[in-house]
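Residues in the sequence shown are numbered from 471 upward in steps of one, following my numbering. Cβ atoms here follow ideal geometry from the backbone N, Cα and C, with glycine treated the same way. Beneath this line is the structure, given in structure tokens, with notes to follow.
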Amino acid sequence: PGSIDNCYRPNTSMIYAAFQFPMYLGKHAEPQIGASHSPDTASENIDPDKASEAIKGFAKHLGASLVGICKVNPLWSYSHRGEIFYENWEDWGKELDESLPFAVVIATEMDHELVSAGPHTPTIIESGHNYAKGAYITTILAHWFSAMGFKAIADHHRHYTKLMVPLAVDAGLGELGRQGYLIARKYGPRVRLFAVTTDMPLVPDQPIDIGAEDFCKRCLKCAEACPSKSIPTGKKTEVNGIKRWKLKEESCFEYWAKIGTDCSICMAICPFSRPNTLLHQIVKWIIAHSYMARLFFPYIDNMIYGKKWHTKPVSSWIDYKNKDEVKMEGKLGC
Numbered sequence: 471p472g473s474i475d476n477c478y479r480p481n482t483s484m485i486y487a488a489f490q491f492p493m494y495l496g497k498h499a500e501p502q503i504g505a506s507h508s509p510d511t512a513s514e515n516i517d518p519d520k521a522s523e524a525i526k527g528f529a530k531h532l533g534a535s536l537v538g539i540c541k542v543n544p545l546w547s548y549s550h551r552g553e554i555f556y557e558n559w560e561d562w563g564k565e566l567d568e569s570l571p572f573a574v575v576i577a578t579e580m581d582h583e584l585v586s587a588g589p590h591t592p593t594i595i596e597s598g599h600n601y602a603k604g605a606y607i608t609t610i611l612a613h614w615f616s617a618m619g620f621k622a623i624a625d626h627h628r629h630y631t632k633l634m635v636p637l638a639v640d641a642g643l644g645e646l647g648r649q650g651y652l653i654a655r656k657y658g659p660r661v662r663l664f665a666v667t668t669d670m671p672l673v674p675d676q677p678i679d680i681g682a683e684d685f686c687k688r689c690l691k692c693a694e695a696c697p698s699k700s701i702p703t704g705k706k707t708e709v710n711g712i713k714r715w716k717l718k719e720e721s722c723f724e725y726w727a728k729i730g731t732d733c734s735i736c737m738a739i740c741p742f743s744r745p746n747t748l749l750h751q752i753v754k755w756i757i758a759h760s761y762m763a764r765l766f767f768p769y770i771d772n773m774i775y776g777k778k779w780h781t782k783p784v785s786s787w788i789d790y791k792n793k794d795e796v797k798m799e800g801k802l803g804c
């Protein structure tokens with residue numbers, strides 16, 4: 471990791487530190503019913519409205535930026551266990567449980583300053599920070615459901631069983647963008663997604679329309695800025711029966727491997743990723759409520775911010791510009 475910054479050791483060590491945490495929690499993602507409460511495994515009889523209010527409040531208290539609830543669409547579920555992260559080789563190829571009908575989906579906001587450093591190391595450090603935060607939040611929420619006498623599975627960076635973006639769309643957190651990310655109302659694509667599935671009866675939220683799809687049809691900023699040209703510039707195509715903008719995943723990951731970060735240029739350049747200031751809140755409200763605004767605001771954004779991507783500076787504690795001073799050495803080095 472961090473090859474684009476010559477494996478500057480302080481930053482590369484932050485990457486390793488942050489990405490290790492979800493591995494520790496992966497083995498605790500499926501708590502046994504009642505295990506964290508008492509030998510009594512009887513389910514608590516709680517009103518779905520009250521349960522939904524409680525779990526949303528608890529999730530935000532733990533650090534979630536956005537929380538929504540949906541019924542689980544089986545199309546968004548993985549069928550079998552694939553990658554192994556914590557020596558759980560007995561799970562390889564195991565058929566995954568699709569019986570849990572509800573999902574609590576959370577989004578955590580990524581720091582605007584660090585994302586704007588893409589494609590350099592600060593952005594993947596921020597990704598790791600959010601993956602760790604998501605693992606922490608969802609593991610605790612899963613154990614809360616368990617203590618209440620219900621089944622629950624935490625979905626996070628080292629224990630995903632579902633596709634997060636369509637799940638988040640169903641839970642009313644935002645819309646699918648051209649670059650394949652969720653476009654959230656407040657933060658745009660500048661979020662990371664996690665979930666907890668459960669059999670506790672909950673009240674689902676409804677999908678929302680924030681004008682992102684119409685905006686993405688005309689904007690094209692992410693596609694034109696993509697270093698690997700992995701984001702389509704044309705219309706949606708049908709993929710497995712669903713119309714969407716189809717990414718070139720292989721060329722995207724090849725670029726990630728080349729630079730040693732997760733790039734994030736498409737996330738950073740998106741007009742919906744602007745800081746959540748009052749001005750940008752007003753602009754997003756207008757876009758959500760005016761078709762004409764969706765036609766013209768992509769061009770206005772280009773006039774103000776420009777069409778091309780330019781990496782932004784970061785604070786000194788995470789600056790990579792002195793990358794030649796301290797290099798990674800040995801087997802983890804460049």
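Per DSSP, reduced to three states, the secondary structure at residue 566 is coil, with no helix or strand assignment. Contact between residue 542 and residue 570 is confirmed by a C-beta separation of about 6 Å, below the 8 Å threshold.
By the neighbour-count criterion, in which a residue is buried when 16 or more other Cβ atoms sit within 10 angstroms of its Cβ, residue 563 is exposed. Between the alpha carbons of residue 616 and residue 744 lies a gap of roughly 38 Å. Three or more pairs of CB atoms, one per stretch, sit closer than 8 Å, so the segment 624–634 contacts the segment 664–677. Counting C-beta atoms within 10 angstroms of its own C-beta, residue 550 has fewer than 16 neighbours from the protein chains shown and is therefore classed as exposed. Under DSSP, residue 662 takes part in a beta bridge, and its partners are 578. As summarised for the segment 657–706, the continuous beta strand (DSSP E) elements at least 3 residues long and confined to that stretch are 661–668, given in chain order. Taken atom to atom, the span from the alpha-carbon of residue 760 to that of residue 780 is near 30 Å.
For residue 714, the three-state secondary structure derived from DSSP is strand. From the listed residues 682, 711, 696, the smallest Cα separation to residue 757 is found for 682. Nearest to residue 684 by C-alpha distance, out of 539, 742, 612, 711, is 742.
Excluding residues up to 5 positions away in sequence, 585, 588, 593 lie with their Cβ nearer than 6 Å to the Cβ of residue 734 in the same chain. Within the same chain, Cβ atoms closer than 6 Å to the Cβ of residue 601 are found at 492, 627, the five residues on either side in sequence being excluded.
Under the 8 Å Cβ criterion, the segment 476–495 does not count as touching the segment 645–652, having fewer than three qualifying pairs. Beta-bridge annotation (DSSP): residue 572 is paired with 541, 668. Annotation for residue 514: no beta strand (DSSP E) segment contains it, and DSSP assigns it neither H nor E.
Here the alpha carbons of residue 747 and residue 560 stand approximately 49 Å from one another.
Here the alpha carbons of residue 606 and residue 499 stand approximately 10 Å from one another. Looking only at 472, 612, 714, 660, the smallest Cα-Cα distance to residue 526 is reached by 612.
In this structure, the CA atom of residue 710 is about 11 Å from the CA atom of residue 716.
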